[in-house]
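Asker:
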Amino acid sequence: MKSKDIQKVVKTKYGNGDGPMKIYRDLAGVVSLKTIKLWIKMINNTGSINLSPPPDRPHGIYNAQNDRVWAMSREEADKKGAIHEKTKFPVKVMVWLGVCAESLTVPVIFEDATMDAQKYIKVVLPIASKSGKKMLGKNWTYQQDGATPHTHHHSQKWCADHFPAFIPKIRWPSNSPDLCSFDYSLWNELGQVMDWNYVTAKATLIEQIKKFVKKLKKKKLKILLALILNRSGLDSSYSYDVIMILVEALKQVDHSFLEISAQTDRSKWQVDSEGDT
């Protein structure tokens, strides 16, 4: 959904009497509560949502590579703002995180920003197993998406041998937006609380990730879980321990443990195209 479409939804829902918190919950964390409140303030003041573009820049998406400055010399061009600094090799890390209604696991960070089946089995899955037992006891289900390290036959066998229950690759519809919303909501929350001005190198990026994962409180997880239930068309009578509602598992799930991962650099906080949901 484009930004303009989201703004129209916010304006319509506010006009229908919805408050900022209800709008935020209905949008499942697509935009922050702070942004929604700012937009509502604009609506009250001007009747519309008007976002001013940066000075001397065109409307819409700006790509520095396509920008042109007319000047007689290099020095004159530089004075007009023609210098665009960009890191040639951005700092990136792969982050794995397990989450359930009780808490979050410690983040597992791969500094080379890659994941394969061998790393997944050796490093990630033992942490997932230990954390699941600690937070949920003996009765819980491990969920992962269809990324290659997860669907590898050795990974699938490890899960079958060590978890009380898990969702095998043949049952996981990884592209369903209803099943992925918790993933994106959680990374959005984490990205918003991190101090990006402090992130200047890989070491400080990792430090910020570890620091602010600890600050995501259980209350926030409960709110995100409520959003999932609402988006799935189910009422709150379903257990808050349900992390995702599976298409083929319409019955109530008592305990579920979700693993998610993202690839990030200092300029973006986004789920990797091969990341986990």
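Our numbering puts the first residue of the sequence shown at -15, with every later residue one more than the last.
Heads up, the beta-carbon is just placed ideally off N, CA and C, and yes, glycines get one too.
With H, G and I counted as helix, E and B as strand and the rest as coil, what does DSSP make of I93?
Answerer: As a working mapping, residue 93 is identified with position 109 in the sequence shown. Three-state result, I93: strand.
Asker: In three-state terms, what does DSSP make of Q127?
Answerer: If you number the sequence shown from 1, residue 127 lands on position 143. DSSP places Q127 within a strand segment (E or B) once states are collapsed to three.
Asker: Where does E173 land, buried or exposed, given buried means 16+ other C-beta within 10 angstroms?
Answerer: Working through the sequence shown from its first residue, we reach residue 173 at position 189. Buried: at least 16 other Cβ atoms inside 10 Å.
Asker: Under 8 angstroms Cβ to Cβ from L17, same chain only, skipping five residues before and after it: list those, please.
Answerer: Within the sequence shown, the letter at position 33 stands for residue 17. Only P4, M5, Y8 meet the Cβ criterion.
Asker: With 16 as the cutoff for other CB atoms within 10 Å, does T184 come out buried or exposed?
Answerer: Along the sequence shown, one-based indexing puts residue 184 at 200. By the beta-carbon neighbour count (other beta carbons within 10 angstroms, threshold 16), T184 is exposed.
Asker: State the start and end residues of the unbroken alpha helix (DSSP H) segment that holds M119.
Answerer: Start at 1 with the first residue of the sequence shown, and residue 119 comes out as number 135. Its alpha helix (DSSP H) spans residues 109 to 120.
Asker: Taking the alpha-carbon positions, what's the K153 to H134 distance?
Answerer: As a first step, residue 153 must be located in the sequence shown, where it is residue number 169. As a first step, residue 134 must be located in the sequence shown, where it is residue number 150. Answer to the nearest angstrom: the Cα atoms are 8 angstroms apart.
Asker: Quick one: what does DSSP say G3 is sitting in, helix, strand or coil?
Answerer: On the sequence shown, residue 3 is found 19 positions in, with the first residue counted as 1. If DSSP states are grouped into helix, strand and coil, G3 belongs with coil.
Asker: Using only CA atoms, which one of E86, V92, S87 lies nearest to M274?
Answerer: Within the shown structure, residues of the chain are numbered from -15 to 261, placing residue 274 beyond reach of any answer.
Asker: Can you name, in chain order, every residue of its own chain whose Cβ lies under 7 angstroms from the Cβ of S285, other than the five neighbours on each side?
Answerer: There is no way to answer for residue 285, as the model of the chain reaches only from -15 to 261.
Asker: I think F94 touches K106, with their Cβ atoms under 8 angstroms apart; what is that distance to the nearest whole Å?
Answerer: Against the sequence shown, residue 94 aligns to sequence position 110. Against the sequence shown, residue 106 aligns to sequence position 122. 12 angstroms between Cβ atoms; not a contact.
Asker: Quick one: what's F147 bridged to in DSSP?
Answerer: For the purposes of this step, residue 147 is taken as residue 163 along the sequence shown, with counting starting at 1. Answer by DSSP bridge pairing: none, since F147 is not bridged.
Asker: Using the rule of at least 16 other Cβ atoms within 10 Å of the residue's Cβ for burial, across every protein chain shown, is K129 buried or exposed?
Answerer: As a working note, residue 129 is residue 145 in the sequence shown. The question names Lys, but residue 129 is Asp in the sequence shown. Looking at its Cβ environment, which holds 16 or more other Cβ atoms inside 10 Å, D129 is buried.
Asker: Can you tell me whether V177 is buried or exposed? The criterion is at least 16 other CB atoms within 10 Å of its CB, across all chains shown.
Answerer: For the purposes of this step, residue 177 is taken as residue 193 along the sequence shown, with counting starting at 1. Burial call: exposed.
Asker: Can you pull the DSSP bridge partners for L88?
Answerer: By 1-based counting over the sequence shown, the position of residue 88 is 104. L88 is bridged to V83.
Asker: In terms of alpha-carbon separation, which member of H138, L120, E86, M119 lies closest to A101?
Answerer: For the purposes of this step, residue 101 is taken as the residue at position 117 of the sequence shown. The candidate whose alpha carbon is nearest that of A101 is H138.
Asker: Would you say Q127 and I151 are within 7 angstroms of each other, going by their C-beta atoms?
Answerer: The residue you call residue 127 lines up with position 143 of the sequence shown. The residue you call residue 151 lines up with position 167 of the sequence shown. In this structure, I151 lies closer than 7 angstroms to Q127 by Cβ.
Asker: Out of V197, K(-3), K194, which one is the CA nearest neighbour of D10?
Answerer: Here residue 10 refers to the residue found at position 26 of the sequence shown. Looking at V197, K(-3), K194, the one whose alpha-carbon comes closest to that of D10 is K(-3).
Asker: Which value, in whole angstroms, describes the spacing of the CA atoms of N181 and K195?
Answerer: Sequence index remark: in the sequence shown, residue 181 carries index 197 (1-based). Sequence index remark: in the sequence shown, residue 195 carries index 211 (1-based). If you take the alpha carbons of N181 and K195, they lie about 15 angstroms apart.
Asker: Let me know if G121 comes out buried or exposed under the rule of 16 or more other beta-carbons within 10 Å of its beta-carbon.
Answerer: Residue 121 sits at position 137 when you count from the first residue of the sequence shown. Exposed, since its Cβ has fewer than 16 Cβ neighbours within 10 Å.
Asker: Is there at least one non-hydrogen atom of the ligand MG closer than 6 angstroms to the beta-carbon of N0?
Answerer: As far as ligands go, the structure on display features none, and thus does not contain the ligand MG.
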